[in-house]
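Peer 1:
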Amino acid sequence: GILGNHDYTRSHRVTDVADRLTARLTGLGLQMLRNTSCDVQGLTISGADDLWSGQCDIDRATLKLDNDKANLFLLHNPDAADGDVWEGYQGWILCGHTHGGQCKPPFLPPPFTSVTNPRYVAGEVDLYDGRRLYINRGLGVVKYPVRFNARPEITVFTLRRDDV
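Heads up: the sequence shown runs through residues 119 to 282, numbered per the numbering used here.
#1: From Thr140 to Leu192, what does the alpha carbon distance come to, in whole angstroms?
#2: DSSP state of Trp157, grouped into three classes?
#3: Considering only DSSP beta bridges, list what Asp244 is partnered with.
#4: Tell me which residue opens and which closes the beta strand (DSSP E) that Ile176 is part of.
#5: Tell me the DSSP secondary structure of Thr162 in three-state form.
#6: Measure the beta-carbon distance from Tyr126 to Asp168 and round it to whole angstroms, keeping in mind my assumption that it falls under 8 Å.
#7: Have a look at Gly209, Leu181 and Thr144 and flag the residue whose alpha-carbon is nearest the alpha-carbon of Ser155.
#8: Let me know the secondary structure DSSP gives Asn267 once reduced to three states.
#9: Could you tell me which whole beta strand (DSSP E) segments of length 3 or greater appear in the region 187-237?
#10: Mind reading off the beta-carbon distance from Asn254 to Glu271? Whole number of angstroms is fine, and I expect it under 8 Å.
#11: Where Val264 and Asp186 are concerned, what is the direct C-alpha to C-alpha distance, given to the nearest angstrom?
#12: What are the boundary residues of the alpha helix (DSSP H) that includes Arg142?
#13: Are the CB atoms of Trp170 and Asn235 nearer to each other than 8 Å?
#14: For a test of the three-state rule: what should DSSP assign to Tyr126, helix, strand or coil?
#15: Let's test the definition: count the other Cβ atoms within 10 Å of the Cβ of Val274 and tell me whether it reaches 16, buried, or not, exposed.
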């Protein structure tokens, strides 16, 4: 798992709260990826801390990556997918954070998404350099307990090996 901005409290920067949450989740048997990677049956899964926390370190999280193998990267905030730190990475980046705009007028972009890049609302985004981004709308809400034209989402990916 990875942490999101609210896992650092409302200020998004209280690291001791995030550390306690990580310890609790790890104690329950979850593998938490805070700027690190793990190998799962030949698939390298990397994860970075939340961008707003000030703890996000893509370089550190990608130290173990081998582009000759399958890679998957987990981020909370899709804005962290921008920047020069991704040079050479080939694979999928899975994100959340935007809630799909939460309240989106039909046929128009959402008025607020809490990201800088206006392309990063929901769904698949081609980053044109061998990277593909998927932004999940998630289940929750922010501030107001309502969603409009941004249905809650649980995404299921089926991973297949090329050698099968």
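Even for Gly, the Cβ is constructed at its ideal location relative to N, Cα and C.
Peer 2: Reading from the atomic positions:
#1: Here residue 140 corresponds to residue number 22 of the sequence shown, with the count starting at 1. Here residue 192 corresponds to residue number 74 of the sequence shown, with the count starting at 1. Each residue's Cα considered, the two are about 16 Å apart.
#2: The sequence position of residue 157 within the sequence shown is 39, counting from 1. The sequence shown places Asp at residue 157, not Trp. The three-state reading of DSSP puts Asp157 in strand, counting E and B together.
#3: Translated into the one-based positions of the sequence shown, residue 244 becomes position 126. Per DSSP, Arg250.
#4: Working through the sequence shown from its first residue, we reach residue 176 at position 58. Ile176 -> not in any beta strand (DSSP E); alpha helix (DSSP H) instead, spanning Ile176 to Ala179.
#5: Translated into positions along the sequence shown, residue 162 becomes position 44. Three-state DSSP puts Thr162 in a strand.
#6: Numbered from its first residue, the sequence shown carries residue 126 at position 8. Numbered from its first residue, the sequence shown carries residue 168 at position 50. Yes, Tyr126 and Asp168 are in contact; Cβ-Cβ is about 7 Å, under 8 Å.
#7: By one-based count along the sequence shown, residue 155 stands at place 37. Closest by C-alpha distance to Ser155, out of Gly209, Leu181 and Thr144, is Leu181.
#8: The residue you call residue 267 lines up with position 149 of the sequence shown. Residue state, collapsed to three classes: coil.
#9: 188-192 and 209-213
#10: Taking the first residue of the sequence shown as position 1, residue 254 is located at position 136. Taking the first residue of the sequence shown as position 1, residue 271 is located at position 153. Correct: roughly 6 Å between the Cβ atoms.
#11: For the purposes of this step, residue 264 is taken as the residue at position 146 of the sequence shown. For the purposes of this step, residue 186 is taken as the residue at position 68 of the sequence shown. So the alpha carbons of these two residues sit roughly 44 Å apart.
#12: Locating residue 142 in the sequence shown gives position 24, where the first residue counts as 1. Residues Thr133 to Gly145.
#13: By 1-based counting over the sequence shown, the position of residue 170 is 52. By 1-based counting over the sequence shown, the position of residue 235 is 117. Cβ distance not < 8 Å, so Trp170 and Asn235 don't count as in contact.
#14: For the purposes of this step, residue 126 is taken as residue 8 along the sequence shown, with counting starting at 1. In the structure shown, Tyr126 sits in a helix (DSSP, three-state: H, G or I).
#15: Within the sequence shown, the letter at position 156 stands for residue 274. So Val274 counts as exposed.
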